[in-house]
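Quick note on numbering: the UniProt record's numbering labels position 82 of the sequence shown as 82, and the sequence is numbered without any gaps. Where a beta carbon is used, it is the ideal one built from N, C-alpha and C, also for glycine. Working notes, beginning with the structure itself.
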Amino acid sequence: MLTAERRQYILDILRRDKKVLSSELSTALNVSEDTIRRDLRELAESGLLQRVHGGALLASPAIASYADRQKQAPKEKEAIARAAAKLVCAGQVVILDGGTTTLQVACHLPLDLQATVVTNSPPIAVALADHPYIEVVMLGGQLYKKAIVNVGAATVEALRMIRADLCMLGVCSLHPEIGISVTNLNEAYVKRAMIARAAEVVGLATAAKLDTAASYVVESIHALTYLVTAPTVSDRVLAAYKELGLAIVREEAGD
């Protein structure tokens with residue numbers, strides 16, 4: 001089998017099973033584990049998978065730029081946003097993490113809602129600037145241009161002054177075993193601080209983000225109170241998350 005054929009086989013198995021083990025691939029392809037590790041390393045460098053101990057998992061689609069991510073799964077994100085917006089109650093202090101899905105949540109908050117939104121996302125702050133009753137608290141810091149969010153020590157320090165009722169977390173990658181992970185270390189610190197400052201945490205994840213992993217772990221899956229995802233995600237995919245105690249929220253048909 002040619003190298004290209006072998007690597008395509010690995011990707012096909014990964015898409016089917018959501019993970020691959022080096023030992024099993026070595027046996028199935030009749031090559032050494034060193035060869036498999038080299039294949040996995042080069043596929044990871046191409047952004048096609050995320051290496052983990054003993055094998056690999058699907059890579060997060062969040063490696064794309066913010067502009068490109070705005071074009072990904074728009075209907076899913078709108079459905080998630082409509083369901084997530086219903087979790088916000090009047091008078092609450094809500095942390096809205098950056099991201100294209102959380103931006104949709106901001107756009108779907110009712111015009112009569114009275115609340116305070118704390119965010120590190122300039123696009124979210126701008127989207128809420130004309131909302132008549134929402135007070136917006138903008139977290140400062142260094143602008144991480146790829147995700148258009150503020151990060152760094154100043155952002156984390158500002159979060160220490162916040163006690164929020166709810167945190168809406170933009171999910172880069174979510175996996176039952178790995179937990180919440182992201183592609184940028186500074187983002188990981190900010191998301192961890194957001195989680196620590198909220199009574200309840202809502203993870204917002206499109207289908208493509210589930211069962212994937214990225215380089216920097218934020219927290220375990222148990223940090224989430226709710227997982228809001230698209231109505232098209234199957235119960236089979238969500239079973240592992242339910243078993244871990246997550247409350248699954250999806251938009252009901254006809255909503």
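Run of the alpha helix (DSSP H) containing residue i, from where it starts to where it stops
i    : result
T119 : Looking at the DSSP string, T119 is not in any alpha helix (DSSP H); the run it does join, the beta strand (DSSP E), is A115 to T119.
D12  : T3 to D17
M194 : L185 to A196
S181 : Not the alpha helix (DSSP H): S181 falls in the beta strand (DSSP E), residues G179 to V182.
I221 : No alpha helix (DSSP H) contains I221, which DSSP labels as neither H nor E.
Paired residues, beta bridge with residue i - DSSP
i    : result
Y226 : V202 and A247
G170 : L204
T212 : L58
Q50  : L57
C-beta atoms of residue i and residue j nearer than 7 Å
i    : j    : result
V117 : L96  : yes
I124 : A153 : no
V151 : E200 : no
R51  : L40  : yes
S22  : A214 : no
R197 : V218 : no
A28  : V93  : no
A36  : L25  : Residue identity check: residue 36 is Ile in the sequence provided, not Ala. Yes, Cβ-Cβ distance for I36 and L25 is below 7 Å.
Sequence-distant residues of its chain with Cβ nearer than 7 Å to residue i (five each side left out)
i    : result
A83  : V228, V249, R250 and E251
A205 : V171, L174, L227 and T229
K77  : T100, T101, Q104 and T206
K242 : I248
T155 : N120, L139, G140, G141 and V190
Coil, strand or helix - residue i by DSSP
i    : result
N150 : strand
I162 : coil
T232 : coil
S22  : helix
A64  : coil
Y241 : helix
L29  : helix
Cutoff 6 Å; reference residue i; Cβ partners in own chain excluding five residues on either side
i    : result
E135 : T116
E240 : Position check: residue 240 holds Ala in this sequence, whereas Glu was assumed. Taken in chain order, the residues that qualify are P176.
Q114 : A90 and Y133
Host beta strand (DSSP E) of residue i (start-end)
i    : result
Q104 : It is not in any beta strand (DSSP E) - Q104 instead sits in the alpha helix (DSSP H) that spans T100 to H108.
I36  : Counting along the chain, I36 falls outside any beta strand (DSSP E), though it belongs to the alpha helix (DSSP H) covering E33 to E45.
I134 : I134 to M138
V126 : Element bounds for V126: not the beta strand (DSSP E) but the alpha helix (DSSP H), P122 to A127.
Cβ neighbours of residue i in the same chain (closer than 8 Å, five flanking residues each side left out)
i    : result
A223 : G179, I180, I195 and V201
E42  : R7
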